Amino acid sequence: MADGSTPPNPEPGGPVPAVRPFLVTAGRVAPDPSGRTMPVETQVVATAEGLAGLDRLAFEQHDIVAACRIPQSIAEIAARLRLHLNVVRILAEDLRTAGQLTVHVPDTGVTHDASVLRRLIDGLRAIPDSRGVLRDTD
Numbered sequence: 005m006a007d008g009s010t011p012p013n014p015e016p017g018g019p020v021p022a023v024r025p026f027l028v029t030a031g032r033v034a035p036d037p038s039g040r041t042m043p044v045e046t047q048v049v050a051t052a053e054g055l056a057g058l059d060r061l062a063f064e065q066h067d068i069v070a071a072c073r074i075p076q077s078i079a080e081i082a083a084r085l086r087l088h089l090n091v092v093r094i095l096a097e098d099l100r101t102a103g104q105l106t107v108h109v110p111d112t113g114v115t116h117d118a119s120v121l122r123r124l125i126d127g128l129r130a131i132p133d134s135r136g137v138l139r140d141t142d
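Per this note's numbering, the very first residue in the sequence shown carries number 5; after that it's consecutive.
Pasting the structure below:
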């Protein structure tokens with residue numbers, strides 16, 4: 005600001021990157037020639053080698069590995085770093101290949117099972133709200 009103070013509500017993730025996504029991925033639109041992409045719920049965590057080599061990584065790769073000190077999904081990383089989802093997918097695959105990330109792809113049979121969603125909904129309803137009242141059921 006003009007008086008030297010910080011803005012009242014600075015953006016949590018910083019400014020939006022000015023570099024075009026195709027420059028970050030060298031024009032690639034998929035992590036490998038088969039065109040398969042990681043699901044958005046794929047969990048990613050940095051390896052010891054990845055954390056030790058942070059200073060040798062390019063900007064976006066550095067930010068991804070640094071953000072993955074704790075397991076996060078591809079979607080969370082993209083949102084936190086304000087990067088395009090496919091850019092994160094491609095870079096995460098590159099980092100996995102280099103041994104700097106461990107990738108845990110969920111079992112698609114479980115993630116599309118309606119009984120899992122029903123148990124999740126029931127579990128959420130069993131959590132009382134701030135007044136200690138349980139949520140209504142169907």
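Glycine is no exception: its CB is placed at the ideal position from the N, C-alpha and C atoms.
None of the values given here were measured: they were computed from a predicted structure.
Problem - Distance, residue 128 Cα to residue 62 Cα - result: Approximately 40 Å between the Cα atoms of the pair.
Handout entry: Nearest-angstrom Cα separation, counted from residue 58 out to residue 111
Key = 30 Å
Handout entry: Paired residues, beta bridge with residue 89 - DSSP
Key = Partner(s): none; residue 89 has no beta bridge.
Practice task
With residue 47 as the anchor, note down where its beta strand (DSSP E) starts and where it stops.
Solution key: 47-50
Handout entry: residue 78 and residue 49 closer than 8 Å at C-beta
Key = No, the pair does not count as a contact, with Cβ atoms beyond the cut-off.
Problem - Of the residues 75, 47 and 54, the one placed nearest residue 65, counting alpha carbons only - result: Of the listed residues, the one whose Cα sits closest to residue 65 is 54.
Problem - Cα-Cα separation between residue 51 and residue 97, rounded to whole angstroms - result: 13 Å
Problem - For residue 107, the first and last residue of its enclosing beta strand (DSSP E) - result: Its beta strand (DSSP E) spans residues 105-108.
Handout entry: Straight-line gap, residue 88 to residue 71 (C-alpha atoms, nearest Å)
Key = 16 Å
Exercise for the section: Run the CB neighbour count on residue 85, radius 10 Å, all protein chains shown included, and call it buried at 16 or more, exposed below. Expected result: buried
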